Each structure stands twice: as C-alpha cells, then as structure tokens.
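K.L.:
Take a look at this one; I'll ask things after.
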Amino acid sequence: MQNPPPVQTAKSSTGLDENVAALLAYVFTWLSGLIFFLIEKESRLVRFHAMQALLLGGSAIVIGIVLWVVWVVLLIIVAQISDVLTMLLNLVFGLLMLAFYIGLLIAWVMCMIKAYGKQYFKLPIIGNMAEKFSTK
Numbered sequence: 024m025q026n027p028p029p030v031q032t033a034k035s036s037t038g039l040d041e042n043v044a045a046l047l048a049y050v051f052t053w054l055s056g057l058i059f060f061l062i063e064k065e066s067r068l069v070r071f072h073a074m075q076a077l078l079l080g081g082s083a084i085v086i087g088i089v090l091w092v093v094w095v096v097l098l099i100i101v102a103q104i105s106d107v108l109t110m111l112l113n114l115v116f117g118l119l120m121l122a123f124y125i126g127l128l129i130a131w132v133m134c135m136i137k138a139y140g141k142q143y144f145k146l147p148i149i150g151n152m153a154e155k156f157s158t159k
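Residue numbers for the sequence shown follow the working numbering, so the first one is 24 and each next one is one higher.
Quick look at the structure:
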C-alpha cells in the first residue's frame, strides 16, 4: 500500500501557512488584524480574516464604550430617584455587559477556528464589510 502524498498548504506572503496567518490575525483582535492586513500582499484568506479581526475588535470597543456611556448617564438620572432603581439598573446593565462579552468571546473563538480551517466565515454585518475591504 502506498501512502497518500502529503497535503500542500498554501503559504502567505508572511512566510506562514495561510491558515496559521489567518488564525494569528485574530489573536489580538484589531491590533493583530491591522498588522496582518498591512503586511499580507497575496493571500485573500489572510487579508479577509485580518480585516474581519480588525473590524471585530474595533466594533467591540465602540459598542463597549457606547454601552458604558448609556449606563453612566442612566445611572446619574436614576440615582436621583431611588436606590432600588439604581441597584436594578446595575443588575440589568451588568447582565447585558456579561452577555455582550460572552457573545464576543464566542464569535472570536469561532472566527479563529474557521480561519484555521481555511474557511471564509463571515460574521453578521462586519463579514460583508471585511470581504469588501479585503478584495481592494
């Protein structure tokens, strides 16, 4: 019996295998995404995942800041009314932030798994944007 020939993995212009470079683009979200997007010249897979990592990290920062500002403004308003409402508001926003960060963690891990598997996994909204920006 003959052994099957070894599988050839495509290389990116970084010198890494495509799937490894695509995975590494997600490690530090927007920062590593930006680095890989700027240095990758050939691999469409790496450029797509780098841009999606950049957009995922950037949008997470913006959404987190917006949620925090809304929370503080509502807290200032509600604190004048009642201590019970203040505690309830803290509970609601605490659960909302927890759900947001758990969802972000799941999306981040899923993207890394799909990138390593050489799949073009598009997140809602930012996936289409990443595809558009990475093909230019």
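We treat Cβ as the ideally placed atom computed from N, Cα and C, and that holds for glycine.
All values derive from a computational prediction rather than experimental measurement.
Residues in its own chain within less than 7 Å of S35 by CB, not counting five upstream and five downstream?
P.N.:
Here residue 35 refers to the residue found at position 12 when the sequence shown is read from its first residue. Cβ neighbours of S35 beyond the five flanking positions: E41, A44, E63, E65, S66, V69.
K.L.:
Quick one: what does DSSP say K34 is sitting in, helix, strand or coil?
P.N.:
Working through the sequence shown from its first residue, we reach residue 34 at position 11. In this structure, K34 counts as strand in the three-state DSSP scheme.
K.L.:
I believe L90 touches L119 by the beta-carbon criterion, under 8 Å. Please report the beta-carbon distance rounded to the nearest angstrom.
P.N.:
For the purposes of this step, residue 90 is taken as residue 67 along the sequence shown, with counting starting at 1. For the purposes of this step, residue 119 is taken as residue 96 along the sequence shown, with counting starting at 1. That pair is a contact at about 7 Å.
K.L.:
If we count the other Cβ atoms within 10 Å of its Cβ and call it buried at 16 or more, is F51 buried or exposed?
P.N.:
For the purposes of this step, residue 51 is taken as residue 28 along the sequence shown, with counting starting at 1. Looking at its Cβ environment, which holds fewer than 16 other Cβ atoms inside 10 Å, F51 is exposed.
K.L.:
Straight-line CA distance for M74 to G80?
P.N.:
Within the sequence shown, the letter at position 51 stands for residue 74. Within the sequence shown, the letter at position 57 stands for residue 80. Cα to Cα, the separation comes out at about 10 Å.
K.L.:
Please go through the same chain and pick out, in chain order, the residues whose beta-carbon is closer than 7 Å to the beta-carbon of V101, but skip the five residues on each side of it.
P.N.:
In the sequence shown, residue 101 corresponds to position 78, counting from 1. So the list reads L108, T109, L112, once near-sequence residues are dropped.
K.L.:
Note down the Cα distance separating G150 from L97, rounded to an integer number of angstroms.
P.N.:
Translated into positions along the sequence shown, residue 150 becomes position 127. Translated into positions along the sequence shown, residue 97 becomes position 74. Distance between the alpha carbons of G150 and L97 is about 32 Å.
K.L.:
Does DSSP classify I125 as helix, strand or coil?
P.N.:
In the sequence shown, residue 125 corresponds to position 102, counting from 1. Three-state DSSP puts I125 in a helix.
K.L.:
Given this structure, state the Cα-to-Cα distance separating F71 from K159, to the nearest angstrom.
P.N.:
Against the sequence shown, residue 71 aligns to sequence position 48. Against the sequence shown, residue 159 aligns to sequence position 136. Computed Cα separation, rounded: 11 Å.
K.L.:
For I99 versus W53, is the C-beta distance shorter than 9 Å?
P.N.:
Stepping through the sequence shown from its first residue, residue 99 is reached at position 76. Stepping through the sequence shown from its first residue, residue 53 is reached at position 30. The answer is no: Cβ separation not under 9 Å.
K.L.:
Are the CB atoms of M152 and L78 within a distance shorter than 9 Å?
P.N.:
Counted from its first residue, the sequence shown places residue 78 at position 55. Counted from its first residue, the sequence shown places residue 152 at position 129. Cβ atoms of L78 and M152: closer than 9 Å.
K.L.:
On the three-state DSSP scale, how would you describe P29?
P.N.:
Within the sequence shown, numbered from 1, the residue matching residue 29 stands at position 6. Model confidence at P29 stands at a pLDDT of 49, short of 50, so the residue's coordinates are unreliable and nothing is read from them.
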